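Residue 58 is where the sequence shown starts when you use the working numbering, and the numbers rise one by one after that.
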Amino acid sequence: METTKSHIALLASPGMGHLIPVLELAKHLVSHQSFKVTVFVVATDHASLTNTHLLQSPAESGDLLDIVLLPFIDVSDIGGPSVSFIATIVTTVLRSMPFLRSEISKMEFRPTALVVDLFGTDALEIADEYNMLKFVFIASNAWFLAVMLCTPEIDRKEIDEHVKNRKPLHIPGCKPIKFEHNLDVFFMDTNDPFYQGYVEAINKMSLTDGILVNTWDELEPTTLKALRETKKVPIYPIGPLVRPIEKSVFGNEIIAWLDKQPKQSVIYVSFGSGGTLSAQQVKELAWGLELSQQRFVWVLRPPTENDAAGTFLALGNGSDATLDYLPDGFPARTQDRGLLVPMWAPQVEVLSHPSIGGFLTHCGWNSTMESIVNGVPMIAWPLYAEQKMNASMLTEDIGASLRVMAVESDAAVGREKIRSVVRKILVDRQGRNIRSRIKELKDNAANALAKGGSSYNSMSQVANICIQHLKTKASGA
Numbered sequence: 058m059e060t061t062k063s064h065i066a067l068l069a070s071p072g073m074g075h076l077i078p079v080l081e082l083a084k085h086l087v088s089h090q091s092f093k094v095t096v097f098v099v100a101t102d103h104a105s106l107t108n109t110h111l112l113q114s115p116a117e118s119g120d121l122l123d124i125v126l127l128p129f130i131d132v133s134d135i136g137g138p139s140v141s142f143i144a145t146i147v148t149t150v151l152r153s154m155p156f157l158r159s160e161i162s163k164m165e166f167r168p169t170a171l172v173v174d175l176f177g178t179d180a181l182e183i184a185d186e187y188n189m190l191k192f193v194f195i196a197s198n199a200w201f202l203a204v205m206l207c208t209p210e211i212d213r214k215e216i217d218e219h220v221k222n223r224k225p226l227h228i229p230g231c232k233p234i235k236f237e238h239n240l241d242v243f244f245m246d247t248n249d250p251f252y253q254g255y256v257e258a259i260n261k262m263s264l265t266d267g268i269l270v271n272t273w274d275e276l277e278p279t280t281l282k283a284l285r286e287t288k289k290v291p292i293y294p295i296g297p298l299v300r301p302i303e304k305s306v307f308g309n310e311i312i313a314w315l316d317k318q319p320k321q322s323v324i325y326v327s328f329g330s331g332g333t334l335s336a337q338q339v340k341e342l343a344w345g346l347e348l349s350q351q352r353f354v355w356v357l358r359p360p361t362e363n364d365a366a367g368t369f370l371a372l373g374n375g376s377d378a379t380l381d382y383l384p385d386g387f388p389a390r391t392q393d394r395g396l397l398v399p400m401w402a403p404q405v406e407v408l409s410h411p412s413i414g415g416f417l418t419h420c421g422w423n424s425t426m427e428s429i430v431n432g433v434p435m436i437a438w439p440l441y442a443e444q445k446m447n448a449s450m451l452t453e454d455i456g457a458s459l460r461v462m463a464v465e466s467d468a469a470v471g472r473e474k475i476r477s478v479v480r481k482i483l484v485d486r487q488g489r490n491i492r493s494r495i496k497e498l499k500d501n502a503a504n505a506l507a508k509g510g511s512s513y514n515s516m517s518q519v520a521n522i523c524i525q526h527l528k529t530k531a532s533g534a
């Protein structure tokens with residue numbers, strides 16, 4: 058490898074929702090900047106991950122993209138099934154640091170820059186050791202980033218008012234957070250080790266060479282303007298980064314079924330790689346789809362109680378074909394207009410299909426970006442993490458979705474509400490208005506990524522910083 062070529066290292070923390078955007082950023086750096094890129098992957102489920110194609114470098118990347126799976130980390134000692142997936146991620150990444158340091162130390166030509174996500178900020182010390190530039194990649198939106206960066210500065214009394222009296226939490230220059238869209242971190246005691254770790258991670262982010270965000274200027278102009286004016290760390294909106302369509306998927310039975318359906322007639326139902334519903338909610342959703350009398354593709358997972366993120370750390374496309382948790386006779390009654398898909402579907406390929414007319418989604422940011430890029434209007438059904446904030450933005454600010462419920466609660470969403478909102482997005486005038494808006498956003502996103510667009514220019518700025526750093530190191534300065 059030439060020493061004159063910038064080499065970027067990326068660290069992906071556990072979970073498909075973290076891994077996929079990091080891999081897309083890596084591919085983007087290779088294809089658009091011709092950089093050498095190494096992706097270090099931290100995973101909790103090695104067996105499932107190695108059975109997917111995700112760890113295979115694309116042929117078009119040549120020898121410019123390496124994907125390295127770091128050794129398995131046993132975290133069984135931190136507790137039983139009740140331990141949150143966040144605690145599992147944090148512990149796994151932290152214990153992976155010696156392996157990351159070892160891998161980087163063995164490299165003949167060490168990276169020019171290290172890019173980590175929110176959970177990987179401990180690795181920034183390794184970047185300092187080897188005189189590497191430090192960047193953080195937030196695979197979410199600018200509003201979520203603004204809330205994170207402001208957390209250490211917000212008066213605790215204001216947070217207490219927000220939590221106890223349900224008053225909106227004001228974020229400088231940005232939309233306030235309503236109580237019902239809250240993040241779990243605001244309910245933590247300030248002495249909680251995870252809260253302290255969260256604040257420490259934010260402080261480390263603020264001392265980096267920049268934060269990359271999977272959004273674009275035209276989507277969040279007010280929030281990005283506020284971030285640039287109030288924060289010292291440079292902000293680079295580089296999105297939307299989404300997985301491209303894979304032609305090899307065509308011929309898949311789901312795509313074959315969609316080929317037979319009328320244009321924009323199918324609702325796609327999926328709660329992402331980690332989302333799960335209770336048994337009662339699964340039944341109500343099934344009845345709602347049946348009562349709507351609309352065509353659907355539904356990616357199903359077995360129900361779990363009291364854990365909306367029940368499969369976040371599960372990887373791969375395993376199946377559970379029993380479907381015995383559905384209402385009696387549901388598969389038979391809906392077989393002419395519905396397709397039930399256990400566990401996994403090729404989401405980008407499904408959303409890009411012309412027969413898809415709407416997407417009932419958990420509002421994970423990856424899924425949101427995939428929907429916008431493919432021009433598909435959404436029904437927002439947030440489950441965990443920042444998804445309630447995302448749903449609020451999509452519905453109230455951007456106009457790209459309907460809400461399945463006006464205010465989130467622990468009660469199951471009823472079948473009549475589901476029937477109504479599915480029909481609204483596919484059949485009624487309200488759905489046509491959102492479809493028109495999503496078409497504008499699709500074109501807007503494409504323009505941001507095109508040469509001369511806002512995200513193209515942001516990425517070029519980051520690339521130039523890396524190139525200049527490499528030249529400075531080479532000169533011995």
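Beta carbons are placed, not taken as given, at the ideal position from N, Cα and C, and that holds for glycine.
Because the structure is a prediction, the values reported are computed rather than measured.
> Just the Cα atoms here: how many angstroms apart are Ile230 and Leu284?
Replying inline: One detail in the question is off: residue 230 reads as Gly in this sequence, not Ile. Using only the alpha carbons, I get a separation of about 8 Å.
>> Tell me which residues share the same chain as Tyr187 and place their Cβ nearer than 7 Å to its Cβ, disregarding the 5 neighbours each side in the sequence.
In response: Exclusion of the five residues before and after Tyr187 leaves Ile161, Arg167 as the residues of its chain whose Cβ lies within less than 7 Å of its Cβ.
> Between the C-alpha atoms of Ala313 and Leu175, what's the straight-line distance to the nearest angstrom?
Replying inline: 39 Å
> Taking Cβ positions only, does Val256 come closer than 9 Å to chain C?
Replying inline: This model lacks chain C altogether, as it is built from one protein chain only.
>> Quick check on this structure: which residue in Trp438, Val479, Lys499, Glu443 has the alpha carbon closest to the alpha carbon of Ser409?
In response: Lys499
> What residue range is occupied by the uninterrupted beta strand (DSSP E) comprising Tyr325?
Replying inline: 323 to 327
> Run through DSSP, which three-state label would Leu82 get?
Replying inline: Looking at Leu82 - three-state DSSP - the assignment turns out to be helix.
> So is Glu277 buried or exposed if we call it buried at 16+ other beta carbons inside 10 Å?
Replying inline: Flag for Glu277 reads buried.
> Going along the chain, which residues of its own chain have a beta-carbon closer than 7 Å to the beta-carbon of Gly421, five neighbours each way excluded?
Replying inline: The residues are Gly74, Gly329, Gln444.
> From Leu181 to Lys191, what does the alpha carbon distance come to, in whole angstroms?
Replying inline: The alpha-carbon atoms of Leu181 and Lys191 are separated by roughly 6 Å.
> Beta carbon of Val478, beta carbon of Val407: below 9 Å?
Replying inline: no
>> Within the continuous alpha helix (DSSP H) that includes Thr418, where are the two ends?
In response: That residue, Thr418, is in no alpha helix (DSSP H); its beta strand (DSSP E) goes 413 to 418.
> What three-state label does DSSP hand Met245 in the structure shown?
Replying inline: coil
> Smallest Cα separation from Ile292: which of Ile524, Val270, Gly510?
Replying inline: The closest CA to that of Ile292, considering only Ile524, Val270, Gly510, is found on Val270.
> Taking the Cβ atom as the reference point for each residue, do Gly414 and Ile324 lie within a distance shorter than 9 Å?
Replying inline: It is a contact, given that the beta carbons lie within the stated cut-off.
> So Ser159 is in the alpha helix (DSSP H); what residue range does that whole segment cover?
Replying inline: Per DSSP, Ser159 belongs to the alpha helix (DSSP H) from 142 to 162.
> In three-state DSSP terms, what is Val99?
Replying inline: coil
> Thinking C-beta only, is Ala69 closer than 9 Å to Leu86?
Replying inline: no
> Is DSSP giving Tyr293 helix, strand or coil here?
Replying inline: strand
>> DSSP three-state label for Pro399, please.
In response: strand
> When burial is assigned at 16 or more other CB atoms within 10 Å of the CB, is Arg472 buried or exposed?
Replying inline: buried
> For Ala170, does the count of other Cβ atoms within 10 angstroms reach 16, so buried, or fall short, so exposed?
Replying inline: buried
> So, helix, strand or coil for Leu346, using DSSP?
Replying inline: Three-state DSSP puts Leu346 in a helix.
> DSSP three-state call for Arg167: helix, strand or coil?
Replying inline: Looking at Arg167 - three-state DSSP - the assignment turns out to be coil, as it is neither helix nor strand.
> Ala468: buried (16+ other C-beta within 10 angstroms of its C-beta) or exposed?
Replying inline: Residue environment analysis places Ala468 among the exposed positions, since fewer than 16 neighbouring C-beta atoms fall within 10 angstroms of its C-beta.
> Can you name the start and end residues of the beta strand (DSSP E) that Ser330 belongs to?
Replying inline: Run containing Ser330: none; DSSP gives neither H nor E here.
> In whole angstroms, what separates the C-alpha of Phe387 from that of Lys317?
Replying inline: Their backbone Cα atoms lie some 21 Å apart in a straight line.
> Hey, quick one: how far does the beta strand (DSSP E) through Ile124 stretch, first residue to last?
Replying inline: For Ile124, the enclosing beta strand (DSSP E) covers residues 122 to 126.
>> I'd like to check one pair, Leu122 with Lys84: are the Cβ atoms closer than 9 Å?
In response: yes
> Given that a residue counts as buried once 16 or more other Cβ atoms are within 10 Å of its Cβ, and exposed if not, what is Phe194?
Replying inline: buried
> Which runs of the beta strand (DSSP E), 3 residues or longer, sit entirely within the stretch 168 to 211?
Replying inline: 170 to 173, 190 to 195
> Which term fits Leu76, buried or exposed, when burial requires 16 or more other beta carbons within 10 angstroms of its beta carbon?
Replying inline: buried
> Around the C-beta of Asn447, are 16 or more other C-beta atoms found within 10 angstroms, so that it is buried, or is it exposed?
Replying inline: buried
> Is it true that the CB of Tyr382 sits closer than 9 Å to the CB of Pro399?
Replying inline: no
> In terms of residues, what are the limits of the alpha helix (DSSP H) holding Ala437?
Replying inline: Careful: Ala437 lies outside any alpha helix (DSSP H), inside the beta strand (DSSP E) at 435 to 437.
>> Just verifying my parser: in three-state terms, what is the DSSP assignment at Arg352?
In response: strand
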